[in-house]
Amino acid sequence: MRLVPILLSFFFFTSGLVYAQDINGFEIARVKYRGGGDWYNDPSSLSNLIRYTNQYVPISINGNYEDVSLGSTDIHSYPFLFLTGHGTITTNNTEVRNLRKYLDNGGFLYVDDDYGLDEHVRQLLKEVYPDEELIELPFNHPIYNQVFEFNNGLPKIHEHDNQSPKGFGLFRNGRLVVFYTYESNLGDGWADPEVHNNAPDVRERALKMGVNILVYALTSI
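Residue 3 is where the sequence shown starts when you use my numbering, and the numbers rise one by one after that.
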């Protein structure tokens, strides 16, 4: 495990956004979207990841994460948004503009395809940034080695279509603003053990990669 120097303050200022960080730590949120894609999937996953991160990294994240809608101005209060599910994501122009503003002003979106989300995520991101493309990140990208080393890229948590897991990034002005994991399903690995019956070592790999993502996002804004 790498040592990560992190400077914490009571208020985190970045690119016009103010991220409140009180004595309970950074606050992060799960995206609540329309369309029937079960945004609420694996409700224990994010809490477990936060707890694990707080155990291993000198950073404080509030364990009581929030659920926020893409069209709400509340998303601008959180440096990190998590989006997952299995199906359709429906958005309107207000939600698309709001997400674009959030990302342009320093926010970070992590998307985990829980199977069946891929085409809808790609469509959403194309609406947000028509001129940008998702690109597969090389294994030497810092997100894979931020705290725990994953020299071969993402761990495979669930088989799905038996394809290799891939991590995609969307950049704006040289900054990674969206990280999208496909055919890996980290979120299922973060869930309570009895939910998916993953082996302990599989859950451990999922949680460690999740720590890398969180720490990268919170120290790169």
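Each residue gets a CB set at the ideal place from its N, CA and C atoms; glycine is no exception.
Beta-carbon spacing of residue i, residue j below 7 Å
i, j, result
"residue 64", "residue 27", "yes"
"residue 112", "residue 215", "yes"
"residue 173", "residue 182", "no"
"residue 44", "residue 189", "yes"
"residue 71", "residue 103", "no"
"residue 193", "residue 49", "no"
"residue 105", "residue 197", "no"
Residue burial classification, residue i (beta-carbon count within 10 angstroms, cutoff 16)
i, result
"residue 42", "exposed"
"residue 141", "exposed"
"residue 201", "exposed"
"residue 166", "exposed"
"residue 199", "exposed"
"residue 176", "exposed"
Cut-off 6 Å between Cβ atoms - residues of its own chain near residue i, not counting five sequence neighbours on either side
i, result
"residue 92", "36 and 37"
"residue 30", "67, 80 and 82"
"residue 130", "98, 101 and 102"
"residue 222", "none"
"residue 134", "172"
"residue 11", "With a pLDDT of only 35 at residue 11, under the threshold of 50, the placement of this residue in the model should not be trusted; the figure read from the coordinates follows. Excluding residues within five positions, none has a Cβ falling inside 6 Å."
Cross-strand partners of residue i (DSSP beta bridge)
i, result
"residue 137", "171"
"residue 232", "The chain is shown from 3 up to 223; residue 232 falls before or after that span and cannot be answered."
"residue 87", "115"
"residue 178", "173"
"residue 224", "Residue numbering for the chain in the displayed model covers 3 to 223; residue 224 lies beyond these limits and cannot be assessed."
"residue 183", "114 and 169"
"residue 152", "DSSP, once it has assigned bridges, lists no residue as partnering residue 152."
"residue 92", "36"
"residue 63", "28"
For residue j and residue i, the rounded distance between their alpha carbons
i, j, result
"residue 161", "residue 96", "36 Å"
"residue 61", "residue 55", "8 Å"
"residue 75", "residue 156", "32 Å"
"residue 52", "residue 149", "15 Å"
"residue 204", "residue 80", "29 Å"
"residue 19", "residue 82", "With a pLDDT of only 44 at residue 19, under the threshold of 50, the placement of this residue in the model should not be trusted, and no figure is reported."
"residue 219", "residue 109", "8 Å"
"residue 144", "residue 90", "31 Å"
"residue 210", "residue 115", "18 Å"
"residue 84", "residue 163", "23 Å"
"residue 77", "residue 152", "30 Å"
"residue 206", "residue 69", "25 Å"
"residue 208", "residue 32", "18 Å"
Same chain only: Cβ atoms within 7 Å of residue i, ignoring 5 sequence neighbours per side
i, result
"residue 120", "184"
Residues near residue i by beta carbon distance below 8 Å, same chain, minus five either side
i, result
"residue 213", "51, 54, 55, 58, 59, 148, 149 and 150"
"residue 122", "37, 39, 89, 90 and 91"
"residue 168", "138, 155, 156, 183, 184, 185 and 186"
"residue 117", "88, 160, 162 and 187"
"residue 266", "The chain is shown only over 3 to 223; residue 266 falls outside these bounds and no answer can be derived."
"residue 195", "202 and 205"
"residue 158", "166, 167, 185 and 186"
"residue 132", "none"
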